[in-house]
Amino acid sequence: MRPSQAIIDLTALRANIQQIRTYASSQHLMAVVKADAYGHGIVRVAQAIESCVDAFAVSCLDEAVKLREAGIQKPIILLEGFFHPDELPFIVEHHLQIVLHTPFQIEQLLKATLPKPIDLWLKVDTGMHRLGFSPEEVQTIYSKLRSHPVIGQAIIRLMSHLACADDYQDPKTLQQTERFFTLAKSLKIETSLANSAGIIGWSQTHGHWVRPGIMLYGVSPFSGRTGIEEGLQPVMQLKSALISVKHYSPGETIGYGATWCCPENMPVGVVAMGYADGYPRHAPAGTPVLVNGQRVPLIGRVSMDMITVDLRTQPEARIGDPVILWGKDLPIEEIATWAGTIPYELLCHVCPRVRRVEII
Ligand SMILES: *Cc1c(COP(=O)(O)O)cnc(C)c1O
49 MRPSQAIIDL
59 TALRANIQQI
69 RTYASSQHLM
79 AVVKADAYGH
89 GIVRVAQAIE
99 SCVDAFAVSC
109 LDEAVKLREA
119 GIQKPIILLE
129 GFFHPDELPF
139 IVEHHLQIVL
149 HTPFQIEQLL
159 KATLPKPIDL
169 WLKVDTGMHR
179 LGFSPEEVQT
189 IYSKLRSHPV
199 IGQAIIRLMS
209 HLACADDYQD
219 PKTLQQTERF
229 FTLAKSLKIE
239 TSLANSAGII
249 GWSQTHGHWV
259 RPGIMLYGVS
269 PFSGRTGIEE
279 GLQPVMQLKS
289 ALISVKHYSP
299 GETIGYGATW
309 CCPENMPVGV
319 VAMGYADGYP
329 RHAPAGTPVL
339 VNGQRVPLIG
349 RVSMDMITVD
359 LRTQPEARIG
369 DPVILWGKDL
379 PIEEIATWAG
389 TIPYELLCHV
399 CPRVRRVEII
C-alpha cells in the first residue's frame with residue numbers, strides 16, 4: 049500500500065475544544081467543519097466532538113446532510129444560507145439553521161410555504177465587505193421577518209465576520225466589534241462574531257456564540273505563530289516514507305526542469321508525496337521535511353506523486369524509513385510560509401487518495 053497517510057489525532061482535537069473553552073468559557077461553541085472539516089473528515093470530526101460542542105457550521109446543504117445521515121443531532125448552521133429556494137424543504141426536513149445575507153434570500157424565504165419555522169442568522173456587514181446587509185438594512189429586515197406568521201416564530205440571531213482579526217495591530221477589528229454590538233444591543237438578539245483569531249486575540253468579540261475553525265485543528269490563525277504557542281495541539285500529521293535512495297555525482301540535476309544541481313557526491317531520497325496528494329507544488333528547495341524525525345531539505349521541484357530530499361545529513365536512511373511532511377514535530381504553519389500560502393489551504397487540499405488514519 050502507498051505509504052502516504054494523514055494521521056488524524058482525535059484526542060488532540062478534543063483537547064483543542066477544552067482549550068477553546070478556556071479562551072471563551074461562557075460562550076456557546078459552534079465548531080466550523082466546512083470543507084470536510086478543513087480536510088480532516090467532516091463525519092469523523094463531528095462524531096468525535098459532538099458531545100462537547102453546541103453546534104456545527106458548514107458551507108452547504110450537502111455537508112449538512114452528510115452530518116445528519118451520520119447521526120449528528122446538534123444544530124447545524126449553513127454559513128452561506130441557501131443558494132436556491134428548492135433547498136428550503138431539505139433545510140426544514142433536516143432542521144438546519146441558515147444564514148441570510150442577501151435580499152434574494154429574504155424575498156424567497158418570505159414567499160415560500162414553510163411547514164415550520166427555520167432558525168435564522170442575519171449576517172451584517174461590519175466592514176469585511178463580502179457577505180451581509182448594512183446595519184441599517186438589518187433593522188428593517190429584522191422587523192419584516194419578525195412580523196411574518198411562520199418565520200416570526202423562529203429564533204433570529206445576528207452574526208458578522210472579522211476581516212483582520214489575525215493582525216493584533218489592525219484597528220479594524222475594534223471598529224467592526226463596535227458596529228456589531230451597537231446593532232445587536234438595539235435589536236436585543238443573540239450574537240456571533242468571533243472566528244479563531246477573535247477567540248484567541250480579542251475577547252471583546254466573543255458575544256454569545258464563538259465560531260472556531262482553524263484552531264479546532266490545532267493551528268494558529270496568526271501568522272508567525274504556531275498552534276502549540278496558543279496551547280493547541282496539531283490534529284493532522286501528514287506522513288509518508290522513502291521509496292528510493294540513490295547516490296548522484298557533482299553536477300547531476302534532480303527532477304523536472306533540472307532546477308537543483310548536486311554540489312558533491314550525495315544521497316537523494318524520493319518520498320511518496322506530491323502535489324496530487326495535496327503537498328504544495330510551490331514549496332521551494334529548502335522546505336523542511338522530517339526523515340526519521342530529523343530535518344532534511346526538499347530539493348528540486350515537487351512532482352505529482354513524489355518529492356526529492358537531500359539525505360547528506362542522513363547517510364543511513366533507507367527505503368521504507370518514515371517521513372513527516374507536517375504535524376506536531378514540524379509545524380504546518382512553517383511549511384505554509386515556505387510555500388507562500390496559509391495552513392488553511394494546505395489542510396483543505398489534502399486529497400482523498402491520502403488515507404486518513406485515526407488515532408483515538
Ligand atoms: C470559516 C469561517 C469561520 C472559521 O474561521 P477560522 O479562521 O478558521 O476560525 C468562522 N466564521 C465564518 C463565517 C467562516 O466562514
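The sequence shown maps to residues 49 to 408 in the working numbering. Where is the CB? At the ideal position from N, CA and C, for every residue including glycine.
Give me the Cα-Cα distance between residue i and residue j, rounded to the nearest whole angstrom.
i    : j    : result
R116 : F138 : 11 Å
I166 : Q281 : 36 Å
A320 : S351 : 10 Å
W386 : L158 : 49 Å
G87  : K376 : 17 Å
Y327 : L286 : 9 Å
D218 : P51  : 44 Å
I408 : M284 : 13 Å
I248 : V357 : 36 Å
V91  : T389 : 27 Å
A324 : A54  : 14 Å
T221 : G246 : 9 Å
E226 : L127 : 22 Å
A94  : I383 : 27 Å
I125 : Q145 : 5 Å
L235 : G200 : 14 Å
V432 : L378 : The displayed coordinates of the chain run from 49 to 408. Any statement about residue 432 would go beyond what the structure contains.
V140 : D134 : 11 Å
A211 : L241 : 11 Å
V402 : M49  : 11 Å
Tell me where the alpha helix (DSSP H) around residue i begins and ends.
i    : result
F138 : 136-141
R69  : 58-71
P391 : 391-396
V91  : 90-97
What I want to know is whether the C-beta of residue i ends up closer than 7 Å to one or more non-hydrogen atoms of ligand 1.
i    : result
L115 : no
K82  : yes
R259 : yes
L359 : no
I262 : yes
P123 : no
N64  : no
N243 : yes
L395 : no
P269 : yes
L126 : no
H209 : yes
Pick helix, strand or coil for residue i, following the three-state DSSP scheme.
i    : result
Q201 : helix
R329 : coil
L286 : strand
I120 : coil
M263 : helix
D369 : coil
Q224 : helix
W169 : strand
W308 : strand
P84  : For the record, residue 84 in the displayed sequence is Asp; it is not Pro. Three-state result, D84: helix.
E406 : strand
Q145 : strand
F131 : coil
F152 : helix
L280 : coil
T301 : strand
Q53  : strand
L179 : coil
V337 : strand
Looking only at DSSP bridge pairs, what is residue i linked to?
i    : result
A103 : M78
P315 : H295
T239 : L206
I125 : A105, Q145
W250 : None; W250 has no bridge partner.
Note the first and the last residue of the continuous beta strand (DSSP E) segment covering residue i.
i    : result
K376 : Segment: none, K376 is in no beta strand (DSSP E) and carries neither H nor E.
V357 : 355-358
R343 : 342-347
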